[in-house]
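2 protein chains.
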Amino acid sequence: MRQNKFKKLEIMPAYRLVADAIEKQIMTGQIKPEDPIGTEADLVEQFGVNRSTVREGIRLLEQSGMLRRGEKRRLYVSLPGYDKLATRISRSLVLHKVTFRELVETLEILEPTTIALAAKHITEEQLERLRINVAATEKELEDRDRLSQLDTEFHSIIAEAAHNSVFLLAREPAGLLIYPATQYIFEAVPEAPSRLLEAHKTMLQALEERDEEKARVWMDKHVRDFVKGLVRSGAELDGQIAQPHLAHLLSLDTYL
Amino acid sequence: MRQNKFKKLEIMPAYRLVADAIEKQIMTGQIKPEDPIGTEADLVEQFGVNRSTVREGIRLLEQSGMLRRGEKRRLYVSLPGYDKLATRISRSLVLHKVTFRELVETLEILEPTTIALAAKHITEEQLERLRINVAATEKELEDRDRLSQLDTEFHSIIAEAAHNSVFLLAREPAGLLIYPATQYIFEAVPEAPSRLLEAHKTMLQALEERDEEKARVWMDKHVRDFVKGLVRSGAELDGQIAQPHLAHLLSLDTYL
DNA sequence: ACCAATTTGTCCGTATGTATG
DNA sequence: TCATACATACGGACAAATTGG
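Right under this line is the structure:
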């Protein structure tokens, strides 16, 4: 038998090595967010590779949000934004053919817990944003498109108010995928907008009173109500999300 | 007043346009996972840009996992893998200085629910993997490093058994960040390994019996136990995760 | 097992637009 | 206004690996 004394060598393209080297310094805190990275020419010199190679490496980190072009077009270390991450996760879920059932099952669990946490930790500023959101909802009760935007935002603010970034990132992708469907519920269920408004109003009130249980109970009801509406609007719970539901995800290309 | 008839133009670098164009076709299903993309030369011709530009665009999609170099080094459309996504999310959380408190708060909620779902949906094959995992845990009770790997794996298998990819992605990042800390608990709490083994054994049993409540209760206990151990091991709940805890995340560079 | 064509990874040089001082 | 520095994009080149005879 031939002797197998050597592990398979890890052969990686130079542009990956560049990206990994920079990422490692970021992850280990040797360079921190908002720190400027040198110019491309600097990196060329430091790594001893060609500019094209450096640029390809930079693109990898740019996409994962760890580098960005800041003022003066210079390179800065950057914190990957939660909104961008959530969008990427949502898109992945779509490609994996996630079903409505998986989404609502998740939200039935996460949303009540989220608002319970929010009741404990919400700030006055966040309450104010919720009040503005609810007021806008009341004013635009006829505009279904706008209404589903406001719905998505309402739940995002609450998630933010939970003051737990792990939780925030856990629920945001599901929220991004499911709440836009509100729009289709409105078409099928005429009383849906007013019921939504009532629920949002009550939940806001519960949050103002710091009433954890009341908030949780109403959110629970709200989500169940949502699922019922979803079914009545003709959505197949075990089917995957339809193209029209994804328009908002696709048009986000611009700032991602 | 000057007439404002024009919207601000979206001015984006060519390599982004390339990436967006391809991504849009993927998201709209015009090209599907495992479909081959043309060669770089093809893309050069189709987009009418230079090869360097095409390559930079490809890097963006490569990083987000929508494109990969497959067999024969050709470009294929690809499903972003959950493991890769979870790792990226974990790293982002670290950069955002996530605290132990946020992690355990999340897992105290998600893990019991996860195992309850798993009790309903777990397959025989997944049960078998859990049995193997628990058997290995019993055999390697002395090897702390190996033990914390097995712990992480145990919980990942359960998450997979819940058969809800949204839920899976919601908890995996927290799992990746917190369970490696088991290692440090073992150092501070001598009886921790045997307690962990007992809990894992009992949860496995509950899953075999499809006993949702028993599974949930034990997981709840297990997580609380974990948190206690974490505190006894000297971890500051409101502090961020220490460097040593992240070693596994950094060495994963190779296959990401 | 050898050869010719293709393709990727990498490098070099250059032009252009834009921002800085 | 001019000069400098830098990012973007282009064109061309070559070696190594892979493919397809």
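First to last, the sequence lines map onto chains A and B. Quick note: the first sequence uses the working numbering, first residue 81, plus one each step. Quick note: the second sequence uses the working numbering, first residue 81, plus one each step. In this text, a Cβ means the ideal position worked out from N, Cα and C, and glycines have one as well.
Where the region 126-145 of chain A meets chain B: residues whose CB sits under 9 Å from a CB there
S132, R135, E136, G137, I138, R139, L140, L141, E142, Q143, S144 and G145
What's the C-alpha gap between V297 (chain B) and V184 (chain A)?
For this step, residue 297 (chain B) is matched to residue 217 along the second sequence. For this step, residue 184 (chain A) is matched to residue 104 along the first sequence. When rounded, the distance between both Cα atoms is 24 Å.
For R168 (chain A), which residues in chain B fall below 7 Å Cβ to Cβ?
Here the question's residue 168 (chain A) lines up with position 88 in the first sequence. Under the 7 Å cutoff, chain B gives S144.
Kindly indicate if chain B contains any beta-carbon less than 8 Å away from that of L155 (chain A).
Within the first sequence, residue 155 (chain A) is the residue found at index 75, counting from 1. No, L155 (chain A) does not count as interfacial toward chain B.
A279 (chain B) to H302 (chain B), Cα distance in whole Å?
Start at 1 with the first residue of the second sequence, and residue 279 (chain B) comes out as number 199. Start at 1 with the first residue of the second sequence, and residue 302 (chain B) comes out as number 222. Straight-line Cα distance between these residues: approximately 6 Å.
Tell me the DSSP secondary structure of Q320 (chain A) in three-state form.
Stepping through the first sequence from its first residue, residue 320 (chain A) is reached at position 240. Q320 (chain A) falls in the strand class under three-state DSSP.
Considering just the uninterrupted stretch of the beta strand (DSSP E) at L140 (chain B), what are its terminal residues?
Translated into positions along the second sequence, residue 140 (chain B) becomes position 60. Here L140 (chain B) belongs to no beta strand (DSSP E); instead the alpha helix (DSSP H) covers R131 to Q143.
Note down the Cα distance separating V178 (chain B) from R96 (chain A), rounded to an integer number of angstroms.
Numbered from 1 along the second sequence, position 98 holds the residue referred to as residue 178 (chain B). Numbered from 1 along the first sequence, position 16 holds the residue referred to as residue 96 (chain A). In this structure, the CA atom of V178 (chain B) is about 27 Å from the CA atom of R96 (chain A).
Would you mind giving the Cβ-Cβ distance between R135 (chain A) and E120 (chain A), rounded to the nearest angstrom? I have them listed as a contact below 8 Å.
Position 55 of the first sequence, counting from 1, holds the residue named residue 135 (chain A). Position 40 of the first sequence, counting from 1, holds the residue named residue 120 (chain A). Indeed they touch by this definition, with Cβ atoms about 7 Å apart.
Sorted by chain position, which residues of the same chain lie with C-beta nearer than 6 Å to L284 (chain B)'s C-beta, five sequence neighbours on each side aside?
Here residue 284 (chain B) is taken as the residue at index 204 of the second sequence, counted from 1. Answer for L284 (chain B): L210 and V214, listed in chain order.
Would you mind telling me which residues of chain B sit closer than 7 Å to N244 (chain A), beta carbon to beta carbon, in chain order?
Residue 244 (chain A) sits at position 164 when you count from the first residue of the first sequence. At a C-beta separation below 7 Å, N244 (chain A) has these neighbours in chain B: E182, E185 and T186.
According to DSSP, which residues form a beta bridge with R33 (chain B)?
A query on residue 33 (chain B) cannot be resolved here, the shown segment of chain B reaching from 81 to 336 and no further.
Please look up how many angstroms separate the CB atoms of L248 (chain A) and Y162 (chain A), rounded, as I've assumed it's under 8 Å.
Here the question's residue 248 (chain A) lines up with position 168 in the first sequence. Here the question's residue 162 (chain A) lines up with position 82 in the first sequence. Under the criterion of beta carbons closer than 8 Å, L248 (chain A) and Y162 (chain A) qualify as touching, at roughly 6 Å.
What ranges does the alpha helix (DSSP H) occupy inside the region 181-254 of chain A, keeping only unbroken runs of at least 4 residues that lie completely in it?
204-219 and 224-241
Measure the alpha-carbon distance for A305 (chain B) versus P273 (chain B) and round it to whole angstroms.
Residue numbering aside, residue 305 (chain B) sits at position 225 when the second sequence is read from its first letter. Residue numbering aside, residue 273 (chain B) sits at position 193 when the second sequence is read from its first letter. In the sequence under discussion, the amino acid at residue 305 (chain B) is Asp, which differs from the Ala named in the question. In a straight line, the C-alpha of D305 (chain B) is about 12 Å away from that of P273 (chain B).
Give every residue of the same chain whose Cβ lies closer than 6 Å to the Cβ of A241 (chain B), excluding the five residues on either side of it in the sequence, and list them in chain order.
Position 161 of the second sequence, counting from 1, holds the residue named residue 241 (chain B). Closer than 6 Å at the Cβ level, and outside the excluded window around A241 (chain B), lie A198, I202 and Q206.
Is the beta carbon of L159 (chain B) sitting closer than 8 Å to the one on P113 (chain B)?
Counted from its first residue, the second sequence places residue 159 (chain B) at position 79. Counted from its first residue, the second sequence places residue 113 (chain B) at position 33. Closer than 8 Å, so yes.
Length at least 4, wholly inside the region 261-325 of chain B: the alpha helix (DSSP H) runs in chain order
262-268, 272-288 and 292-312
Given R82 (chain A), which residues of its chain have a CB within under 7 Å of its CB, disregarding the five upstream and five downstream residues?
Position 2 of the first sequence, counted from the start, is the residue given in the question as residue 82 (chain A). Model confidence at R82 (chain A) stands at a pLDDT of 46, short of 50, so the residue's coordinates are unreliable; what they give is reported in the following sentence. So the list is empty, once near-sequence residues are dropped.
For the candidate residues B:S245, B:A315, B:I258 and B:S172, whose alpha-carbon lies nearest to that of A268 (chain B)?
As a working mapping, residue 268 (chain B) is identified with position 188 in the second sequence. Selected option, being the one with the closest Cα: B:A315.
Beta carbon proximity, A94 (chain A) to chain B, threshold 8 Å
Stepping through the first sequence from its first residue, residue 94 (chain A) is reached at position 14. No, no contact with chain B.
What does R171 (chain B) touch in chain A if you count any residue whose Cβ is under 7 Å from its own?
Along the second sequence, one-based indexing puts residue 171 (chain B) at 91. Chain A residues near R171 (chain B): M107.
Rounded to the nearest angstrom, what separates H357 (chain B) and P270 (chain A) at their Cα positions?
No information on residue 357 (chain B) is available, as it lies outside the stretch 81 to 336 that chain B covers here.
Sort out for me which residues DSSP pairs R148 (chain A) with in a bridge.
Position 68 of the first sequence holds residue 148 (chain A). According to DSSP, R148 (chain A) bridges with A:Y156.
Given a cut-off of 8 Å on the beta-carbon distance, is the pair P253 (chain A) and L173 (chain A) in contact?
Here the question's residue 253 (chain A) lines up with position 173 in the first sequence. Here the question's residue 173 (chain A) lines up with position 93 in the first sequence. Closer than 8 Å, so yes.
Provide the residue span of the alpha helix (DSSP H) that contains D122 (chain A), from first to last.
Your numbering for residue 122 (chain A) matches position 42 in the first sequence. Unbroken alpha helix (DSSP H) run through D122 (chain A): E120 to F127.
If we call anything under 8 Å between Cβ atoms a contact, is A239 (chain B) one with R251 (chain B)?
Sequence index remark: in the second sequence, residue 239 (chain B) carries index 159 (1-based). Sequence index remark: in the second sequence, residue 251 (chain B) carries index 171 (1-based). Yes. Within cutoff.
6 Å CB neighbourhood of D231 (chain A) in its chain, flanking five on each side removed:
Within the first sequence, residue 231 (chain A) is the residue found at index 151, counting from 1. Counting only Cβ-Cβ distances below 6 Å, and skipping sequence neighbours, we find Y259 and T262.
Taking a cut of 9 Å between CB atoms, which residues from the region 185-210 of chain A lie near chain B?
Within the region 185-210 of chain A, the residues whose Cβ lies closer than 9 Å to some Cβ of chain B are E185, T186, L187, I189, L190, T193 and L197, listed in chain order.
Alpha helix (DSSP H) segment containing K104 (chain B), residue limits
For this step, residue 104 (chain B) is matched to residue 24 along the second sequence. From DSSP, the alpha helix (DSSP H) with K104 (chain B) extends over A94 to M107.
Among B:T282, B:E292, B:T193 and B:V129, which residue has its Cα nearest to the Cα of N244 (chain B)?
Residue numbering aside, residue 244 (chain B) sits at position 164 when the second sequence is read from its first letter. Of the listed residues, the one whose Cα sits closest to N244 (chain B) is B:T193.
Spatial distance of S132 (chain B) from Q126 (chain A) (CA atoms):
Mapped onto the second sequence, residue 132 (chain B) falls at position 52. Mapped onto the first sequence, residue 126 (chain A) falls at position 46. Their Cα atoms are separated by approximately 21 Å.
In whole angstroms, give me the CA-to-CA distance for L310 (chain A) and D300 (chain A).
Stepping through the first sequence from its first residue, residue 310 (chain A) is reached at position 230. Stepping through the first sequence from its first residue, residue 300 (chain A) is reached at position 220. Their backbone Cα atoms lie some 15 Å apart in a straight line.
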